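J.: Numbering (this note's numbering), first residue to last: 7 to 241. Idealized CB from N, CA, C, for every residue including glycine. On a predicted model such as this, the values are computed, not experimentally measured, just so you know. After the structure tokens below, expect a handful of questions from me.
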């Protein structure tokens with residue numbers, strides 16, 4: 007029955023279903039006996055250059071902390087990887103599931119990142135990507151100009167999960183409503199898809215950025231001129 011309550015991990019039962027519809031229950035012991043060594047530790051098998059790892063393979067990060075008495079090995083591994091520019095590749099078992107993983111230094115610590123196996127990735131050759139498309143020097147200059155005007159220092163704390171915030175606000179509103187139905191929020195109507203002129207958007211964005219920057223520069227210059235004028239009067 008669907009009670010809406012979270013099912014504890016210990017109450018979850020796994021099973022394997024055969025093509026004929028029959029199935030067998032699979033326990034934690036079965037996973038451990040299938041590969042006893044894998045169920046006990048992180049096994050580093052190789053070290054690769056950090057830039058060899060494709061972003062497409064990254065799945066989920068975990069912090070690594072040293073066990074009691076393992077502090078020296080922790081620091082040694084971290085510093086050696088920093089010095090060589092290499093990261094560890096190996097296998098780890100989390101909740102009975104063995105995964106490919108990467109171990110890499112992060113600030114003063116180490117992180118373990120679960121990786122997708124190559125067989126699970128879709129190759130780029132299967133995608134319908136543009137070929138033999140030529141761009142002009144002017145178009146490239148415009149695109150580079152846009153990137154430069156939007157270039158900022160990366161501050162992840164500036165980016166918020168707006169969906170999660172909106173969902174929490176709705177949950178809180180439902181709690182206050184005490185069973186009363188909430189009014190529907192106005193939503194944007196779907197519009198027919200239009201062909202987008204990317205170059206026009208780039209040009210407009212660059213011009214808007216430049217105009218905003220010019221206004222700021224003008225205000226700054228005016229402020230500086232006033233300060234210089236006041237300084238001359240007092241001297």
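Looking at residue 121 and residue 247, is the spacing between their C-beta atoms short of 7 Å?
T.: This structure does not reach residue 247, given that the chain is present from 7 up to 241, and the question cannot be answered.
J.: Take the Cβ of residue 141 as the centre, count every other Cβ of all protein chains shown within 10 Å, and call the residue buried at 16 or more, exposed below.
T.: Classification for residue 141: exposed.
J.: Between the Cα of residue 99 and those of 93, 81 and 118, spot the shortest distance and give me the residue it belongs to.
T.: 118
J.: Contact between the stretch 210 to 218 and the stretch 153 to 165 is defined here as three or more beta-carbon pairs at a separation below 8 Å; is this criterion met?
T.: Between the stretch 210 to 218 and the stretch 153 to 165 there are three or more inter-stretch CB-CB distances shorter than 8 Å, so the stretches are counted as touching.
J.: For the stretch 53 to 103, which segments carrying the beta strand (DSSP E) assignment without a break, of at least 3 residues, lie completely within its bounds, in sequence order?
T.: 64 to 70 and 92 to 100
J.: For residue 148, which of helix, strand or coil comes out of DSSP?
T.: Of the three classes helix, strand and coil, the one that applies to residue 148 here is helix, per DSSP.
J.: Please report the Cβ distance between residue 95 and residue 54, rounded to the nearest whole angstrom; I am assuming they are in contact, meaning their Cβ atoms lie under 8 Å.
T.: 6 Å
J.: Would residue 116 be called buried (16 or more neighbouring beta carbons within 10 Å of its own) or exposed?
T.: buried
J.: From this set, 51, 63, 52 and 59, which residue's C-alpha is nearest residue 128's C-alpha?
T.: 63
J.: Taking the beta carbon of residue 177 as the centre, do at least 16 other beta carbons fall within 10 Å, making it buried, or is it exposed?
T.: exposed
J.: So, using beta-carbon positions, are residue 164 and residue 97 closer together than 7 Å?
T.: no
J.: Excluding sequence positions up to five away, which residues of its chain have a Cβ less than 8 Å from the Cβ of residue 22?
T.: Answer for residue 22: 29, 30 and 32, listed in chain order.
J.: What did DSSP end up calling residue 28 once you bin it into helix, strand or coil?
T.: coil
J.: I think residue 111 touches residue 87, with their Cβ atoms under 8 Å apart; what is that distance to the nearest whole Å?
T.: 5 Å
J.: Can you give the Cα-Cα distance for residue 81 and residue 162, rounded to whole angstroms?
T.: 27 Å
J.: Given this structure, state the Cα-to-Cα distance separating residue 183 from residue 189, to the nearest angstrom.
T.: Answer to the nearest angstrom: the Cα atoms are 11 Å apart.
J.: Under 7 Å between the Cβ atoms of residue 93 and residue 149?
T.: Cβ distance not < 7 Å, so residue 93 and residue 149 don't count as in contact.
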